[in-house]
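Chemist:
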Amino acid sequence: MASTEGAVEDEASASTQGNDAPNLPKASLKRKTNKTQNQKAKKKKTGVKRTAQPRFTVHEGEDMLLVISSSTSQNDGPVWAHKKKKKGGKKKNATIKGNGGKRTTGKKKNTKPIIIRTVEKKEEVMPPMFVAEKPNDHRWGQSLPEEVLVNIFKMVVMQDGAVPFLCRVGRVCRLWNSAAATPVLWRKVSVGHCWIAPGKTQQPKMQSQIKDTLDWMAQNRFSQLRDFSLHHWTKNVDHVVNVVSQFCPRLSALTLSYCTGLTELAFQSLGLHSCSLQSLNLQYTEFQVEGLLTYLESHGAQIQQIWFTHGLKYDRLLAAISRGCCPDLELLEVNTKLDSKDGELPLCVQALQMACPKLKTFRMLNVRPLQKNMRNGAELALGFPLLEELCIATTSYSYMTDKYLWDVLFGSPRLRVLDLRGCSRITSEGLAALPCLELECLFWGQYFSSHVGTSSLRKGLHAVTQKWGQTLRQLDVANQPFSEEDLEVAMRHLAQANDADTLRSLNLSGTRITTAALRSVIGQTTALDYLNLSSCRYLPRGLKRIYRGQEDIRQLLDKLE
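Counting in our numbering, the sequence shown runs from 4 upward without gaps.
1. Taking the continuous alpha helix (DSSP H) assigned at residue 207, which residues delimit it?
2. Can you pull the DSSP bridge partners for residue 234?
3. Would you give the residue range spanned by the beta strand (DSSP E) that residue 161 belongs to?
4. State yes or no: is the C-beta of residue 446 within less than 7 Å of the C-beta of residue 422?
5. Within a Cβ cutoff of 8 Å, which residues of the same chain sit near residue 560, ignoring the five residues on either side of it in sequence?
6. Please classify residue 433: is it buried, with 16 or more other beta-carbons within 10 angstroms of its beta-carbon, or exposed?
7. Note down, in chain order, each residue of its chain lying with its Cβ closer than 6 Å to the Cβ of residue 545, except the 5 sequence neighbours on either side.
8. Go through the segment 311-394 residue by residue and report every complete run of the beta strand (DSSP E) that reaches 3 residues or more, in order.
9. Verify whether the separation of the beta carbon atoms of residue 395 and residue 367 is less than 7 Å.
10. Whole alpha helix (DSSP H) runs in the segment 241-289 with 4 or more residues, listed along the chain?
11. Do residue 183 and residue 169 have their C-beta atoms closer together than 7 Å?
12. Can you tell me whether residue 483 is buried or exposed, with buried defined as 16 or more other CB within 10 angstroms of its CB?
13. Which residues in the same chain as residue 229 place their Cβ atom closer than 6 Å to its Cβ, once the five residues preceding and following it in sequence are excluded?
14. For residue 291, I'd like the list of residues in its chain whose CB is within less than 6 Å of its CB, leaving aside the five on either flank, ordered along the chain.
15. Check residue 485 in the structure and name its three-state DSSP category.
16. Do you know how far the Cα of residue 424 is from the Cα of residue 453?
17. Between the segment 189-208 and the segment 230-248, can you find at least three pairs of beta-carbon atoms closer than 8 Å?
18. By the three-class DSSP mapping on this structure, what secondary structure does residue 559 have?
19. Suppose you measure from the CA of residue 281 to the CA of residue 323; what does that come to, to the nearest Å?
20. Could you have a look at residue 444 and say whether DSSP puts it in helix, strand or coil?
21. Find out if the Cβ-Cβ distance for the pair residue 225, residue 188 is shorter than 7 Å.
22. Among residues of its own chain, excluding the 5 on either side of residue 413, which ones have a beta-carbon nearer than 7 Å to its beta-carbon?
23. By how many angstroms is the C-alpha of residue 400 removed from the C-alpha of residue 360?
24. Output the boundary residues of the beta strand (DSSP E) element that contains residue 175.
25. Quick check on DSSP: helix, strand or coil for residue 405?
26. For residue 241, which of 216, 273, 390 has the nearest alpha-carbon?
27. Using the rule of at least 16 other Cβ atoms within 10 Å of the residue's Cβ for burial, across every protein chain shown, is residue 459 buried or exposed?
28. Are residue 398 and residue 341 close, meaning C-beta to C-beta below 7 Å?
29. For a quick check, are the C-beta atoms of residue 298 and residue 270 less than 7 Å apart?
30. How many Å lie between residue 376 and residue 403 at the Cα?
31. Do residue 222 and residue 186 come within 7 Å of each other at the CB atom, strictly closer than that value?
32. How long is the line joining the alpha carbons of residue 481 and residue 549, rounded to whole angstroms?
33. Beta-carbon within less than 6 Å of residue 509's beta-carbon, same chain only, minus the 5 sequence neighbours each way: which residues are those?
34. Considering only DSSP beta bridges, list what residue 550 is partnered with.
35. Between which two residues does the alpha helix (DSSP H) carrying residue 464 extend?
36. Per DSSP, what kind of secondary structure is residue 495 in: helix, strand or coil?
Here it is as C-alpha cells:
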C-alpha cells in the first residue's frame, strides 16, 4: 500500500514538473475551483436552516382534534432535497492527499489507479412533529398547532373565565396571542372591579385607562360576544353598556350585579343596538326604573329571562310585567337580601298567568308575596301550563297557604322542582292535591321559622311520599314536626314505591325519625348518596350526622342492623 501511494505521488510530481509555463495558471484555476466547491459543500452542511413544512394536518371534530401525520402520503420524503447532478457531464479532476499537500491530476491515458477515500452518506432522518430541540428547551408552546392551543384555552375559559386569562396568555408570544384572539373564546366575558387599596379611590388617569382598555377589547375581541357580566362597578357603567351594545351585535345576555349609576341612557343604547338581547339580570343593582320600564314597553317582547332585586321603588317593574310587556318571558326571579325588612310584595297571580303564559321558572327568594285579586274578579287565566320550577323560599314569616299555592299551580302539570322552605302554613293535604304528577325535587324544610320545635305534630307525610315516590330525586323535610309513626309509614312508602331507585338526597335533620324507619329506606334505595341525620333526637349517639357517599351510607346500614 505504501509503495502504491509513493508511485502515485512521484507520478503526480513528474507530471506537474514536466508541464510548460502556460499550464501553471490552469492548475491554479483548478485549485480555485476545487476550493470553491469545498466551500459550497461546507455551506450546504452548515448553512442557514430551512424551515420545514408541517408534516401533519389538523382536523377538528365535534369533541376532539385529530392530528394526522402526512408521512404516509405519496410525496414521502424530505420537504426539500439537494438537486441531483446531471449525468454525462465532464468529470471533475480528483483530489489526492500527499506529503506535499493537495494536488490535482490531469487527464492521462495510461495512469495507475488512484485510491480515493469515500464517506458514506447518512440517511436523512425526518424531524419529529412536536419535540423540543434540546432536552431542557421549554419552548414547547411554540410548537403546538394553533387549533390544539385554542382548545386548551377553551377548557380554561370554561372553568376560570375569559378575563383575565386570555389577556395574560396573549402576551406570551405571537402564537399564543393569535390563539387567544380567537373570537370563539370571547363568547362569555365577566368583568369585575379593579382592585384598589383600602381607603383609596380610583384616580382619573386610572379610570381613563380602564375605559380605553374596555373600548379596545370591545372593538377587537367581542365580535362574537353573547354573554357579558359586569360586577361591582360604581362608575362608567353607562359607558360600558353603551360600548358593549354597539360593538356586540350578538349580545343575548347582560348581567349587571352590584352596580350603581345605571341611567336611562344605558337602556336607550340597548334598545338601539342590542336587537338579540334575551336575558337581563339586574340583581342588587341601582338603576332608574323609568328607563327600564320604557325599554320593556318598547322591546320587552324579546326578553325571555329577567332577574331583579325587590325594593319599594321596583314594585312597578313587576306590575309592568303583569300587564303583558314581556309575553315570551320564561324565567322570572325576584329576590332580596336576607337582612332586608321590606320583603312583602303584592302579586296578582291571575294577571301574571295571563301576561306570561310561557313562564317555566318562577322564583321569589326571601320575598313574601301578598295575594292580590283582579278588579273584575273573573278568573280567565289558565295557570302556568309550562311551569317547571316554583321557588317561594323565605327566611321569615310566610303568607303562603294551601289555597294560594293551588291558585299558582292549578294548571302546572309539568312541575319538577318545588321549593317551599319556610312556608309553615303549607300542609301535606295541600301538597297531595297538586296536579303535578312527576315532581323530582321537594324542599319543605323549616330552617328559619320562629315556630320550629314548638309547633304541634303533623300528619300526612305518607301521602306525599306515596304520590311522588316513583319520581322524587331530592326530598327535604328538615325540622318538620311529623310523628314517629307517620315518618315510618312515609319512609316505607318511599322505599316500596321507589322501584326505579331514583332517590339521591334525603334530608331528615331535626325530625323524629327512628332506626326502624331509617333501616327500611336505606336498605331499598341503593342510589342514595346524601343523608342528613343531624339533630335527630330519636337516633342513638354517633349516628346524628351528615352522610355523603354510598359507601358511608352502607356503613350506617351495617350499624343499624
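For every residue, glycine included, the Cβ atom is placed at its ideal position computed from N, Cα and C.
Modeler: Put simply:
1. 207-223
2. 260
3. Looking at the DSSP string, residue 161 is not in any beta strand (DSSP E); the run it does join, the alpha helix (DSSP H), is 149-163.
4. yes
5. 522, 525, 526
6. Under a 10 Å Cβ-count criterion, residue 433 is classified as buried, with 16 or more other Cβ atoms of the shown protein chains found around its own Cβ.
7. Cβ neighbours of residue 545 beyond the five flanking positions: none.
8. 334-338, 347-350, 364-368, 371-374, 392-394
9. yes
10. With a minimum length of 4 residues, the continuous alpha helix (DSSP H) runs that stay inside the segment 241-289 are 267-276.
11. yes
12. Label assigned to residue 483: buried.
13. 190, 253, 255
14. 266, 267
15. strand
16. Low confidence applies here, because residue 453 scores a pLDDT of 49, under 50, leaving its location unreliable and the question unanswered by this model.
17. Touching, yes, given that three or more Cβ pairs across the two stretches are closer than 8 Å.
18. helix
19. 17 Å
20. Per DSSP, reduced to three states, the secondary structure at residue 444 is strand.
21. Not a contact, by the Cβ cut-off of 7 Å.
22. 386, 438
23. 29 Å
24. Here residue 175 belongs to no beta strand (DSSP E), and DSSP marks it neither H nor E.
25. helix
26. 273
27. exposed
28. yes
29. yes
30. 15 Å
31. no
32. 13 Å
33. 478, 534
34. 534
35. 464-471
36. helix
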